[in-house]
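K.L.:
Starting off with a structure, shown below.
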Amino acid sequence: MLRLTNTLTGTLETFEPADGKTVRMYVCGPTVHDYAHIGNFRTFVLEDVLRRHLKSKGWDLLHVMNVTDVDDKIIAKARERGLDIRAYTERYVRSFLEDSDALGIERPEMLVRATDHVPEMAALVATLLEKGHAYRDGESVYFRVSGFPEYGRLARLDGKDLKPGARVDVDEYGKESPRDFVLWKAPKHDDEPRWETAVGVGRPGWHLECSAMAMKYLGPAFDLHCGGVDLVFPHHTNEIAQSEAATGRTFVRFWIHVEHLKVEGQKMAKSLGNFYRLRDLLERGFSPQAIRYLYVSVPYRKQLNFTFAGLEQAAHSMDRIREFLFRLRTGRLPERSTEAMTAAFHQARERFEQGMDDDLNTALALAAMFDLIRRANTGLDADELGRDLRGDIEKWFVEIDRRLGIVPSDEDDGVSSVRDREVAALVEARNAARRSRDFERADSVRRQLSDMGVVVEDTPDGTRWRYR
Ligand code: AMP
Ligand code: ZN
């Protein structure tokens with residue numbers, strides 16, 4: 328039974344799709360004014376883990392992600408470069424997809440661009456105007472917050488003064504009330520991108536796109552909506568207001584919000600010199616999988632404090648997984664496992680699922696996996712783990728990888744983990760000593776390898792080694 332913290336109620340609730348079959352889910356995608364940063368990808372990776380967990384429950388998924396390819400920043404930057412917004416954003420859409428692939432993020436069923444849905448957005452504005460939930464000021468259109476008494480429930484605003492959040496529109500437009508927000512913007516400059524639509528000439532406000540696209544593909548009421556915590560207000564608050572005022576239905580049943588990533592305890596900012604994109608970390612020699620591992624190691628409702636030491640730790644943890652799997656695969660095992668060993672394996676598998684079902688507690692899930700690794704390593708030392716369990720454990724790690732995407736591949740089997748690299752270097756040192764007929768040194772290296780549990784065999788095809 329999967330339980331998730333629903334921002335709408337502030338409580339842990341049992342989640343199931345409304346029709347018992349297909350999860351209809353919308354996530355706010357990237358704003359493609361620049362490359363996505365490692366904070367953005369924390370949210371996207373956790374959404375991917377949620378997606379994979381939902382599928383593991385046997386539900387079908389209809390997962391829609393938008394790409395915000397028109398907003399004030401995009402317009403300003405495109406103008407600086409002398410490009411139209413489509414040409415300007417193309418590179419960032421592409422790099423977003425490349426980075427997502429590198430991080431093992433599954434593609435949503437639908438990836439949709441705001442600029443391809445302007446008529447749908449205009450239609451929504453027209454409905455809101457018709458129903459008296461919106462009003463015009465010149466060519467611009469605003470949402471009338473006073474006409475929607477439930478406004479702010481998601482953010483628990485309770486009529487509190489609304490302080491503009493990071494992405495509140497700061498343009499100087501005439502509004503009836505400071506709480507009202509823009510639905511449709513009249514062009515400010517001659518060279519600004521504009522659309523001629525049923526509600527006039529101009530461009531959509533930011534919040535409008537997600538309502539229009541979500542309802543187009545998922546219907547007026549759907550199961551799940553996700554994003555980073557910064558989106559609770561105003562973005563998601565306004566999405567709810569627009570959609571529900573237009574349809575009279577509850578827009579979304581479950582709202583899930585991912586806490587932010589900070590760097591060394593601080594908000595990431597170019598001005599602080601602590602701003603990283605995925606490629607910045609890859610250039611420093613980290614693998615995308617280690618970065619994904621770091622994301623997964625912290626439950627989504629906790630802030631993630633990014634440090635390079637933490638990232639190294641993540642890489643090291645993956646080496647431990649790789650080492651274990653190599654040992655499991657290549658070790659000489661007795662035929663049967665002890666009962667205690669078999670029980671430990673089943674328990675670990677159960678605890679993994681319990682952790683995932685407990686508000687997607689990925690830290691608990693990983694802890695269950697590492698408990699098994701520890702226990703199984705001891706079991707391998709003591710001949711308690713037999714061939715009857717080998718295949719099951721291997722299969723479980725395939726399942727863990729399907730769910731979390733953090734199990735290292737064994738393409739570079741034997742020389743991939745820290746320990747394996749060490750062994751390979753020692754084997755090479757022994758061969759070098761033998762070539763120079765320094766047999767004393769060769770023997771001492773061989774003893775060192777033997778102490779590490781490594782058996783070295785000299786064959787006509789060269790030296791082979793394996794763990795005992
Ligand atoms: P944006 O490209 O700014 O529209 O953001 C894309 C996604 O990243 C949204 O779900 C944001 O809430 C999320 N996000 C932005 N900054 C961070 C951060 N520092 N940590 C985690 N998620 C973030
Ligand atoms: Zn959105």
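Residue numbers (this note's numbering): 328 to 795. Backbone N, C-alpha and C define an ideal beta-carbon position, used for all residues, glycine too.
Using a Cβ-based criterion (distance less than 6 Å to any ligand heavy atom), does Asp557 qualify as near the ligand AMP?
P.N.:
Checking every heavy atom of the ligand AMP against the Cβ of Asp557, one is found closer than 6 Å.
K.L.:
Apply the 10 Å Cβ neighbour rule to His380 and answer buried if 16 or more other Cβ atoms are within range, or exposed otherwise.
P.N.:
Buried: at least 16 other Cβ atoms inside 10 Å.
K.L.:
Cβ of His516 versus every heavy atom of the ligand AMP: is any distance shorter than 6 Å?
P.N.:
No, the beta carbon of His516 sits no closer than 6 Å to any heavy atom of the ligand AMP.
K.L.:
When the Cα of Ile432 is compared with those of Leu484, Leu377 and His563, which residue comes out closest?
P.N.:
When only C-alpha atoms are compared, the closest one is Leu377.
K.L.:
In the DSSP output, which residue or residues are listed as bridge partners for Ser467?
P.N.:
Paired residue(s): Asp464.
K.L.:
Between Tyr794 and Asp426, what straight-line distance do the alpha-carbon atoms span, to the nearest angstrom?
P.N.:
So the alpha carbons of these two residues sit roughly 36 Å apart.
K.L.:
Using a 10 Å radius around the Cβ and a threshold of 16 neighbouring Cβ atoms, would you call His360 buried or exposed?
P.N.:
Buried is the call here.
K.L.:
Using only the alpha-carbon positions, how far apart do Ala671 and Arg471 sit?
P.N.:
Ala671 and Arg471: Cα-Cα distance of roughly 59 Å.
K.L.:
The ligand ZN heavy atoms versus the CB of Cys553: any closer than 6 Å?
P.N.:
No; taking the cut-off as 6 Å, the Cβ of Cys553 has no heavy atom of the ligand ZN nearer than that.
K.L.:
Just verifying my parser: in three-state terms, what is the DSSP assignment at Tyr415?
P.N.:
Helix at Tyr415.
K.L.:
Considering only residues of the same chain and omitting the five flanking positions on each side of Ala441, which have a CB-CB separation below 6 Å?
P.N.:
If we look at Ala441 and ignore the five residues flanking it on each side, its Cβ neighbours are Thr395, Asp396, Val397 and Glu536.
K.L.:
Run through DSSP, which three-state label would Met595 get?
P.N.:
If DSSP states are grouped into helix, strand and coil, Met595 belongs with coil.
K.L.:
Between the alpha carbons of Ala363 and Gln593, how many angstroms are there, rounded?
P.N.:
Distance between the alpha carbons of Ala363 and Gln593: 18 Å.
K.L.:
Where does Cys355 sit, in a helix, a strand or coil, going by DSSP?
P.N.:
Note: Cys355 maps to coil in three-state DSSP.
K.L.:
Would the C-beta of Thr790 count as close to the ligand AMP, meaning under 6 Å from any of its heavy atoms?
P.N.:
Checking the Cβ of Thr790 against the ligand AMP gives no.
K.L.:
Tell me the rounded alpha-carbon separation between Asp443 and Ala642.
P.N.:
Spanning the two alpha carbons is a distance of roughly 40 Å.
K.L.:
Tell me whether Arg730 is buried or exposed, calling it buried when 16 or more other Cβ atoms sit within 10 Å of its Cβ.
P.N.:
Buried, because 16 or more other Cβ atoms sit within 10 Å of the Cβ of Arg730.
K.L.:
May I ask you to check if the CB of Asn632 is nearer than 6 Å to at least one heavy atom of the ligand AMP?
P.N.:
Because no heavy atom of the ligand AMP lies under 6 Å away, the Cβ of Asn632 does not count as near it: no.
K.L.:
Rounded to the nearest angstrom, how far is the Cβ of Ile796 from that of Thr341, given a contact under 8 Å?
P.N.:
Residue 796 is absent from the model: the chain starts at 328 and stops at 795.
K.L.:
Around the Cβ of Asn393, are there at least 16 other Cβ atoms within 10 angstroms (buried) or fewer (exposed)?
P.N.:
That one is buried.
K.L.:
Whose C-beta lies closer than 6 Å to the C-beta of Phe633 among residues of the same chain, with five residues either side of it excluded?
P.N.:
Leu588 and Val590.
K.L.:
Rounded to a whole number of angstroms, what is the C-alpha to C-alpha distance between Ile618 and Leu430?
P.N.:
If I take the Cα positions, the gap works out to 8 Å.
K.L.:
What do you reckon, is the C-beta of His390 under 6 Å from a heavy atom of the ligand AMP?
P.N.:
Answer for His390: no, Cβ out of range of the ligand AMP.
K.L.:
Quick check on DSSP: helix, strand or coil for Thr669?
P.N.:
In this structure, Thr669 counts as helix in the three-state DSSP scheme.
K.L.:
Using a Cβ-Cβ cutoff of less than 7 Å, which residues in the same chain neighbour Gly713 once the five nearest sequence positions on both sides are dropped?
P.N.:
So the qualifying residues of the chain are Leu660, Pro661, Glu662, Arg663 and Ser664.
K.L.:
Can Ala541 and Phe475 be called in contact, C-beta distance under 7 Å?
P.N.:
Not closer than 7 Å, so no.
K.L.:
Note the first and the last residue of the continuous alpha helix (DSSP H) segment covering Asp485.
P.N.:
Run containing Asp485: none; DSSP gives neither H nor E here.
K.L.:
Measure the alpha-carbon distance for Gly492 versus Asp557 and round it to whole angstroms.
P.N.:
Because Gly492 sits at a pLDDT of 48, beneath the cut-off of 50, its placement in the model cannot be relied upon, and the following sentence gives the value as read from the coordinates. Approximately 8 Å, taken between the alpha carbons.
K.L.:
Enumerate in chain order the residues of its own chain whose CB-to-CB distance from Gly302 is below 7 Å, with the five nearest sequence positions on each side excluded.
P.N.:
Given that the chain is displayed from residue 328 to residue 795, the structure contains no residue 302 and the question cannot be resolved.
K.L.:
Examine the ligand AMP and report whether any of its heavy atoms sits within less than 6 Å of the Cβ of Pro735.
P.N.:
Not under cutoff, so the answer is no.
K.L.:
Would Asp686 pass as a contact of Thr338 if the rule is Cβ separation under 7 Å?
P.N.:
Contact flag unset, no.
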